[in-house]
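Start counting the sequence shown at 1; every next residue gets the next number (this note's numbering). In this text, a Cβ means the ideal position worked out from N, Cα and C, and glycines have one as well. Note that the structure is a prediction, hence the values are computed from the model and not measured. What follows is one structure encoded as structure tokens, with my remarks underneath.
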Amino acid sequence: MAIQFTCPQCSVQTVVDDQYAGQTGPCRQCGATVTVPGAAAPAYGAAAPPAYGAPAQRSSSAVILIVVLGGALVGALMCGGVLLALLLPAVQAAREAARRSQCTNNLKQIGLAMQSYADVYKEFPPAYVADADGKPMHSWRVLILPYLEQEALYKRYRFDEPWDGPNNSRLAAEMPPVFRCPSDPAPTNTTDYVAITGPGTMFDGEKSTNVGSIKDGTTNTLMVVESSHAAIPWMEPRDLDANQMSFTVNAPGNEISSNHPGVAVVLFADGHIATLSNSTSPQTVRALVTPSGGEQITGGF
1 MAIQFTCPQC
11 SVQTVVDDQY
21 AGQTGPCRQC
31 GATVTVPGAA
41 APAYGAAAPP
51 AYGAPAQRSS
61 SAVILIVVLG
71 GALVGALMCG
81 GVLLALLLPA
91 VQAAREAARR
101 SQCTNNLKQI
111 GLAMQSYADV
121 YKEFPPAYVA
131 DADGKPMHSW
141 RVLILPYLEQ
151 EALYKRYRFD
161 EPWDGPNNSR
171 LAAEMPPVFR
181 CPSDPAPTNT
191 TDYVAITGPG
201 TMFDGEKSTN
211 VGSIKDGTTN
221 TLMVVESSHA
231 AIPWMEPRDL
241 DANQMSFTVN
251 APGNEISSNH
261 PGVAVVLFAD
271 GHIATLSNST
281 SPQTVRALVT
291 PSGGEQITGG
301 F
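Encoded structure:
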């Protein structure tokens with residue numbers, strides 16, 4: 001029969017065979033002298049039990065060894081849990097850095113496609129192509145598909161029906177990966193990359209912009225930005241309307257926003273990539289949106 005007792009010094013519990021009842025010995029945890037509860041001495045004429053903890057009693061020693069090893073295992077698991085808790089933020093940061101790098105690469109590819117389109121047509125694509133009544137029908141994202149190695153998808157798109165027509169609707173689920181930031185957790189057909197449209201911007205409705213008309217310089221003019229909150233289907237001829245923006249980075253609603261902590265990745269008209277931080281002033285963002293506003297850009301983003 002086993003006896004369970006608690007060390008009065010360190011409160012560690014130990015289980016031993018009842019033949020050690022009344023014996024004393026060192027606690028396995030703190031070394032303090034402990035007396036096993038039970039009878040103080042054996043009956044007259046009976047063989048005296050071995051001293052507490054004697055190696056001759058394999059069964060009780062095995063019990064004690066299991067308890068000791070069990071304590072060591074729990075300690076190791078606790079240490080492992082602490083190490084995991086310490087390492088987890090570093091692992092998450094490394095994963096986010098990789099996702100942000102891929103986001104940057106996506107915008108670089110979009111920038112190259114924009115430049116290739118401009119090389120062919122001598123101007124950048126308009127924000128949208130409209131029908132006879134001026135209603136937007138096709139997005140610039142569709143227009144640059146051939147320059148994103150998406151020629152086959154482009155050929156299946158029909159320009160004689162709206163973006164959400166019977167044929168084109170079937171293509172919604174085939175959004176090229178380049179239009180989605182990997183930090184966006186929702187696997188849908190909405191894009192994370194949009195233009196900023198409206199009078200005085202680089203994408204003023206059906207109007208196209210060429211390099212020569214960007215008076216503020218292509219290095220100071222935003223072309224495509226992240227907007228993870230806008231929820232715009234990738235083929236829809238809709239982007240951020242400058243007239244409805246506060247120009248505050250990562251603010252709710254239709255603003256420049258992302259799933260990257262503290263920043264949003266943006267593409268400039270000359271093809272270079274940068275980040276706008278949450279602390280970037282709305283005045284600076286507004287100045288970067290206008291291609292010919294003549295504003296002075298001072299300080300960093």
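Quick one: grab the DSSP three-state call for residue i.
| i | result |
| --- | --- |
| M235 | coil |
| S227 | strand |
| L171 | coil |
| M202 | coil |
| P136 | strand |
| S257 | strand |
| D119 | helix |
| Y154 | helix |
| A72 | Bear in mind that a pLDDT of 48 at A72, under 50, signals an unreliable position, so the number given afterwards is only what the model happens to contain. DSSP places A72 in helix when its eight states are reduced to three. |
| T191 | strand |
| A264 | strand |
| T284 | helix |
Identify which residue in the options has its Cα closest to the Cα of residue i.
| i | options | result |
| --- | --- | --- |
| G134 | A98, G212, E206, V224 | E206 |
| A93 | A287, N259, G25, N278 | N259 |
| Q115 | G165, N210, D192, A186 | N210 |
| A269 | Q244, C103, A195, A230 | A195 |
| F124 | D131, A132, E226, G111 | G111 |
| P282 | G271, A274, H272, A251 | A251 |
| S139 | D239, T24, V120 | D239 |
| T197 | Q244, G271, D216 | Q244 |
To the nearest angstrom, how far is it from the Cα of residue i to the Cα of residue j?
| i | j | result |
| --- | --- | --- |
| N168 | V129 | 15 Å |
| R95 | A21 | 58 Å |
| S246 | R158 | 36 Å |
| T219 | R170 | 38 Å |
| A152 | D204 | 29 Å |
| E226 | A132 | 31 Å |
| K155 | S101 | 30 Å |
| G253 | A230 | 6 Å |
| I297 | L145 | 33 Å |
| S279 | M235 | 32 Å |
Enumerate in chain order the residues of its own chain whose CB-to-CB distance from residue i is below 7 Å, with the five nearest sequence positions on each side excluded.
| i | result |
| --- | --- |
| L276 | V249, I256, V263, A264, V266, V285, F301 |
| P233 | A172, N189, T190 |
| R99 | P182, S183 |
| R180 | T191, D192 |
Given residue i, which residues of its chain have a CB within under 6 Å of its CB, disregarding the five upstream and five downstream residues?
| i | result |
| --- | --- |
| L288 | L222 |
| P162 | M137 |
| I64 | In this prediction, I64 scores a pLDDT of 44, lower than 50, which makes its location untrustworthy; the coordinate-derived value is nonetheless stated afterwards. Nothing meets the Cβ criterion. |
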